[in-house]
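Just below is one structure, and these are the notes that go with it.
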Amino acid sequence: MDNMKEVDNSSCSDGVLLRMGLNDNKAGMQGLDKEKINKIIMKATKGSRFYENELKKDQQVNQRIEKMMRLKEKITAQQLLKAQLQVDNLVTELEQRRNLSNTIVHIDMDAFYAAVEMRDNPELKEKPIAVGSMSMLSTSNYHARRFGVRAAMPGFIAKKLCPHITIVPLNFEKYSKVSKEVREILTEYDPNFMPMGLDEAYLNISEHLEERVNWPEDKRRFFFNTESTTEKDKDDVNMSAKLNGGGFSSSPVLFEDNTPLMDDHYEQRDGKQSVENSVVFGTSAEEVVKEIRFRIEQKTQLTASAGIAPNTMLAKMCSDCNKPNGQCRIVPERQAVLDFLKDLPIRKVPGIGKVTEKMLKALGIVTCSELYQQRALLSLLFSEASWRNFLEISLGLGSTHLEKDGERKSMSTERTFSEINTAEDQYRLCQELCRDLAEELQKEGLKGKTVTLKLKNVNFEVKTRASTMLSSVSTKEEIFAVAKELLATEIDSSAPHPLRIRLMGVRVSGFLSEDEKKYQQKSIMSFLKSEKEIGHPGKSKQEFFTKNTEASSRGSFFDKKRAARQQNSESLAPNQTVGKQLFHDRKSANLVEETEKVAALQSSAVCKTFTCPVCFEDQSSNNLEEFNRHIDECLNRASVNNTMEISENEYSRENKPNITLQFKNENIDECQKAKPDQLPGTEQSASTSNNSTSSSTEKFTQIISDEPHRERHPSKLSDIAGNMYLKQCLFPKGISQGNENRFEKTEHTEEATSFHLFEAKEDGVLVCPVCNSEQKSTSLLSFNRHVDICLNKGIIQELTEKKDFPTKTYNLENSSRVGGLSRGQQCTNPSQGTKRSGLTTSQSVSKKAKSSNSKHTIEMFFK
DNA sequence: CGGATCGAC
DNA sequence: CTATGTCGATCCG
């Protein structure tokens, strides 16, 4: 890669510049030659963050290549021989299936956006232009290309290559309109044609050809457009069309030096009548495509190139041969196909990009025939899918029919901007993206289960973070609830440094099948219904959300919770002290009691071995005191931080790197009360716990089958009461759980565990404690997210106020979620677990002193 | 499933 | 100053 840092041309040619697509400048009279172009690009590029990242990526590719080469070294002649036989069997099979009976056409508008702009603004016609912005160009006209100005090049570099270039901003509406006009023509030849973006399309004209044979001439006659063009244009079109033997002009729009491509690619129309201002096309595939191109040009004043071949791959490559404004055909014969491929560089093959090209080049493969020759080797070095693809390419095989693209699989939106490094702005942006995305999703009536956040930092490094929910999401609130968490995780994990990003994106995928949609609809209805029953005059759901994300409203909600907690802390028996309004029946209160016992038990000695909740090491002792000592030791390693309050504003994360667990004053007492030496475990409860791990464990394990890190820390479950289960959950580093369900911040690098209560139905269905709907759960994490989302709707607050909510609140701890944090959420910041939910609870870190361990209470909701 | 990468337009 | 936006596929852990 050292060579890349030189401006030396010879060394440039093989590296980054090559990948920028600037190495094959067809030097024109007024253009620049390849070396000058590279030199200018290099100067503009070298030292930039972008460039550094390009180098890094390049290194990664080189490492892949090295790895591949090492693999290659180990291949024996025997293996190769065997592979050869196997591959050749496949070749025979593929040959037998070769289908040359279809006529596929690939239509490709020439320099589409640029051509449209030139058409609409005659002043641009003679100039080098590009369409896009100073940051990025979408395309350039052929004049600009002579200066090395290409699509996917930033405008400011184009300016350096070609100071006189005109950069026209994108105008998609216009291109769409033109594209639609073109499609109207195409659909006549193949109603099932497949558009690929605005400027390309595949057609299968096999049927059209069959019918066309019997068509009378009049049906194949088309007239020159004499209307919607300017006087000058009209003359140009007519004149050049006539001069080209009935064809149509090379577009004066595109080329100042009109190369007489038409003569090469259009046969003379011998024997064809040419009435004035009209032309008749024949019945061959070539004639059909000329007709299509003619009609496109007449209608739009734009030219297209085309390829005709027995399959899409060949048609596409073919359309490239004679562009611009030309066409090419591979006749449906095996030999013609192989001849076409023989010296064709693999890079021309659709699907083979710069990386694959470089990897294959390392193996001495540049052309398609070489790709075929090395088929045995490739089958040993690449994945099945890859080498089979290579083989089909080298045989000239491809899709012979145009399948309608199936249902969309994802929808996303992303934005690039100048550096954003404050959490507040980042969350705002995220919210914005979610809003836009939700809008688009709504248009198509889609709901997806997976939300992915994409970030690109100022060094151009890209990261994606995804999370899959149990129920699908579609509203901006729902999406943001998830995206926000993902973002929070990233912000926290980069602490104490701020995230410095230049791009953010949000994607939703995992759309529901039709069946799932119906099921989902039901649960939505029930959700809406429950909302309606409560009745919120004058309040929209949106208002709920907005309100709820504001500190003030959270306050009112949590004030209640705090009050309840305080009440609770005065007596150690929760079922007696918890406010009546929080419990609807005695049973759940008992359940809570049971839960606490077991939870406490799990933290303490269970039989002869137990697991320390702090360091997660198995301790083999049945002596409670010994265990306590161990825990004390572990806890003593925990660092204690100064008390500190974080802003109630959920967007504000400025207080990092400090721990953002926040203590309300009233909690400090509780915290200090509960010291590690006050382990509540008793022999009595130990006995209950002993026979607790039962057959139900299996069932539950299944439910949470993809809970992260089950290998390292197998879930420990206890059947507490009926269908309630206590699960020992992994806790991220930086936090551990002390006794009595207190969580503690620790410097300990190991992850620890915590205990959480779940309800499962017979067939492994978890019931969302908020919306009360059954969630087919495969992932605990997903279930938690669902709960978070429900909570975010703000419904909890309203419902609890109305005392009408079907869930019971249990003041075990103060997390709004069921279950713990998983490592996937990578938080080094203890506040995050609750903060992310949008309903931040009050937490605190006591003063620097002593065993001040933070207390962490979770409010659990369950049916 | 989640994350990174590739490739196309 | 200033290097896109969207989507599908694939591979790997």
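Residue numbering for the first sequence follows the working numbering, starting at 1 and increasing by one per position.
Quick reminder that beta carbons are idealized off the backbone N, C-alpha and C, glycines included.
Pairing Leu55 with Val462, the inter-Cα distance amounts to about 15 angstroms. Taking a contact as a CB-CB distance under 8 angstroms, the pair Met194 and Leu397 does not count as one, their CB atoms being some 18 angstroms apart.
Between the segment 346 to 358 and the segment 125 to 141, the count of Cβ pairs shorter than 8 angstroms is below three; the stretches do not touch. The residue from Lys174, Thr187, Ser278 and Arg329 with its alpha-carbon nearest to that of Phe222 is Ser278. Rounded to the nearest angstrom, the gap between the Cα atoms of Asn62 and Leu161 is 29 angstroms. Here DSSP, grouped into helix, strand and coil, assigns Ser471 to strand. For the pair Gly448 and Gly510, the CB atoms are nearer than the 8 angstroms cut-off. A straight-line Cα-Cα distance of about 11 angstroms links Arg64 and Ala362. The shortest C-alpha to C-alpha distance from Glu439 to any of Tyr427, Thr475, Thr103 and Leu470 is the one to Thr475. Thr312 carries a helical assignment under DSSP once its states are collapsed to helix, strand and coil. DSSP places Glu126 in the coil class of the three-state scheme, outside both helix and strand. For Met69, the closest alpha carbon among the candidates Leu377, Ser369 and Glu52 is that of Leu377. Residue environment analysis places Gln335 among the exposed positions, since fewer than 16 neighbouring C-beta atoms fall within 10 angstroms of its C-beta. Per DSSP, Ala111 lies in no beta strand (DSSP E) segment and is marked neither H nor E. Apart from sequence neighbours up to five positions away, the residues of its chain that approach Val275 with a beta-carbon distance below 8 angstroms are Arg221, ordered along the chain.
Going by DSSP, Glu184 is part of the alpha helix (DSSP H) stretching over Phe172 to Tyr189. A straight-line Cα-Cα distance of about 27 angstroms links Arg49 and Arg146. In this structure, Asn421 places its C-beta atom within 8 angstroms of the C-beta atom of Arg500.
Between the C-alpha atoms of Asn457 and Leu437 there is a straight-line separation of about 21 angstroms. Under DSSP, the beta-bridge partners assigned to Gln327 are Ala306. Note that the C-beta distance between Glu200 and Lys299 is not below 8 angstroms. The beta carbons of Val178 and Leu391 sit no closer together than 8 angstroms. Within the DSSP secondary-structure output, Phe156 pairs in no beta bridge. Across the structure, Gly155 and Asp88 are spaced so that their CA atoms are roughly 49 angstroms apart. Excluding its 5 nearest sequence neighbours in each direction, Leu341 has C-beta neighbours in its own chain below 6 angstroms: Cys368 and Gly396, listed in chain order. Distance from Ala315 to Leu209 at the Cβ level is roughly 14 angstroms; contact not present, criterion being Cβ atoms closer than 8 angstroms. Take the alpha-carbon of Thr489 and the one of Arg408: they are about 29 angstroms apart. In the structure shown, Arg97 falls within a helical segment according to DSSP collapsed to helix, strand and coil. Of the residues Tyr142, Arg150, Glu287 and Thr226, the one whose Cα lies closest to the Cα of Val213 is Glu287. Put simply, of Ile205, Tyr142, Asn225 and Phe112 the residue whose alpha carbon is nearest the alpha carbon of Lys174 is Phe112. Cβ neighbours of Lys159 within its own chain (closer than 7 angstroms, five residues either side excluded): Ile165.
If only complete runs of 4 or more residues are kept, the segment 361 to 410 shows the alpha helix (DSSP H) at 368 to 373, 375 to 381 and 384 to 395, in order along the chain. Residues Leu453 and Leu486 of the same chain have their beta carbon placed closer than 6 angstroms to that of Arg465, with the five preceding and five following residues left out of the count.
Per DSSP, Ala495 is not a residue of any alpha helix (DSSP H), being assigned neither H nor E. The secondary-structure analysis by DSSP pairs Pro345 across a beta bridge with Thr367.
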